[in-house]
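The sequence shown begins at 20 in the working numbering and counts up by one. Glycine included, each C-beta is placed from N, C-alpha and C at the ideal position. Note that the structure is a prediction, hence the values are computed from the model and not measured. Please read the structure below before turning to the comments.
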Amino acid sequence: MLRKPVELSLQTYEVLLERQNLGDIHPTLVRGALWYSPDERRQLAADTDAELAQRGLLRGGRLDGDFVETLHVLQRPGVEYYSWVKSDKGERTVRVAASGRDAVSVVAVNQTLYLAPCTPDALAREFTAMLPEAPAARIASLNCSDTDLNLIKSGDIPSTSNPSIRDAKKVLQWLKAPHTYFGRLYVAVRDSRGKRLRNENPPGWVDTEQGRILFGVDKSGWVSLAGAGPQDIAKKIQQLEGELRGGR
Numbered sequence: 020m021l022r023k024p025v026e027l028s029l030q031t032y033e034v035l036l037e038r039q040n041l042g043d044i045h046p047t048l049v050r051g052a053l054w055y056s057p058d059e060r061r062q063l064a065a066d067t068d069a070e071l072a073q074r075g076l077l078r079g080g081r082l083d084g085d086f087v088e089t090l091h092v093l094q095r096p097g098v099e100y101y102s103w104v105k106s107d108k109g110e111r112t113v114r115v116a117a118s119g120r121d122a123v124s125v126v127a128v129n130q131t132l133y134l135a136p137c138t139p140d141a142l143a144r145e146f147t148a149m150l151p152e153a154p155a156a157r158i159a160s161l162n163c164s165d166t167d168l169n170l171i172k173s174g175d176i177p178s179t180s181n182p183s184i185r186d187a188k189k190v191l192q193w194l195k196a197p198h199t200y201f202g203r204l205y206v207a208v209r210d211s212r213g214k215r216l217r218n219e220n221p222p223g224w225v226d227t228e229q230g231r232i233l234f235g236v237d238k239s240g241w242v243s244l245a246g247a248g249p250q251d252i253a254k255k256i257q258q259l260e261g262e263l264r265g266g267r
């Protein structure tokens, strides 16, 4: 497995997946399909080898064995956490993936990948540290039905009020508040048959002027929103992983 950080172009990573027959690229790295002429493919192969050699990953025409193992973990992890980190200035993706005792993190920005080894026992904490630094917003937990929230969003304010309606109004205020970074929390695991399972309705996080909030809707159609610091984010993704493994 990878023992030190590595910087690699997305283009080289794409070529490696094809060479190693490792399947489709991860959703966080997908870009538009590209067509290459035979001459362009030859140049692409040469550029790939040159970059790998420069990074110390290709010696005597052989790809570093530890790096090959890392590619396998990234392409078929037992568990992974990831998020698109978005802002007005652009977007990057952050991801941690683990298989057994092997784990790796990836940050992708501007067609460049930054890979680094990480600790499988601290996967949730290491993933959380890859998000922008932000304190938890100081806010009492809000809870409302998805139906009530959609009514408030549409401007159809009910004539009567109840706790769900009152919280729905506050939830909408928070979701419309000025923000810097935002994204959603994705978790995926593989079951005993090797099938990849991913959480549905991934919860969202938003960094507001008052701090970070975490919000989401459960399977019963109930929306929750609360302040969320690093520990809260780590706890949430571990909860999502547990639900996937438990078949819930």
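{"Check": "Report the residue from Val208, Glu88 and Glu70 whose alpha carbon sits nearest the alpha carbon of Thr131.", "Outcome": "Glu70"}
{"Check": "Using CA coordinates, which residue listed in Asp58, Glu33, Glu59 and Gln258 is at the minimum distance from Thr47?", "Outcome": "Glu33"}
{"Check": "If distances are taken between C-alpha atoms only, which option among Thr67, Pro182 and Arg144 comes closest to Val242?", "Outcome": "Pro182"}
{"Check": "Cβ of Pro139 within 8 angstroms of Cβ of Val104?", "Outcome": "no"}
{"Check": "Inspect the beta-carbon positions of Ser124 and Gly97 and report whether they are closer than 8 angstroms.", "Outcome": "no"}
{"Check": "Among the candidates Ile232, Ala135 and Val113, whose CA atom is the shortest distance from the CA of Asp85?", "Outcome": "Ala135"}
{"Check": "Run through DSSP, which three-state label would Arg111 get?", "Outcome": "strand"}
{"Check": "Indicate the three-state DSSP secondary structure (helix, strand or coil) for Tyr133 in the structure shown.", "Outcome": "strand"}
{"Check": "Across which residues does DSSP place Leu203 in a beta bridge pair?", "Outcome": "Note that residue 203 corresponds to Arg in the displayed sequence, not to Leu. For Arg203, which the question treats as bridged, DSSP gives the partners Gly223."}
{"Check": "Residues in its own chain within less than 8 angstroms of Gly240 by CB, not counting five upstream and five downstream?", "Outcome": "Ser164, Asp165 and Thr166"}
{"Check": "Starting from the Cα of Val236, find the closest Cα among Arg209, Asp226, Leu161 and Asp175 and give me that residue.", "Outcome": "Leu161"}
{"Check": "Could you pull the DSSP bridge partners for Leu77 from this structure?", "Outcome": "Leu82"}
{"Check": "In terms of residues, what are the limits of the alpha helix (DSSP H) holding Glu145?", "Outcome": "Leu142 to Met149"}
{"Check": "Taking 6 angstroms as the limit between beta carbons, can you name the residues of its chain near Gln257, skipping five residues before and five after?", "Outcome": "Ala143"}
{"Check": "Helix or strand or just coil, what does DSSP make of Asn162?", "Outcome": "strand"}
{"Check": "Once you ignore the five residues that flank Glu88 on each side, which residues in its own chain have a CB closer than 6 angstroms to its CB?", "Outcome": "Met20"}
{"Check": "Under the criterion of a Cβ to heavy atom distance below 7 angstroms, does Trp193 qualify as lining the ligand NAP?", "Outcome": "The ligand NAP is absent from the structure shown, which contains no ligands of any kind."}
{"Check": "Reducing DSSP to helix, strand and coil, say where Ile232 ends up.", "Outcome": "strand"}
{"Check": "Hey, could you find the ends of the beta strand (DSSP E) Arg217 is sitting in?", "Outcome": "Arg215 to Arg217"}
{"Check": "I'd like to know if the stretch 74–82 and the stretch 25–32 are in contact, where contact means that at least 3 CB-CB pairs between them fall below 8 angstroms.", "Outcome": "yes"}
{"Check": "Does the distance from the CB of Arg114 to the CB of Tyr133 come in under 8 angstroms?", "Outcome": "no"}
{"Check": "Suppose you measure from the CA of Ile158 to the CA of Asn220; what does that come to, to the nearest Å?", "Outcome": "23 angstroms"}
{"Check": "Closest by CA to Leu93, which one among Gly248, Lys254 and Val208?", "Outcome": "Val208"}
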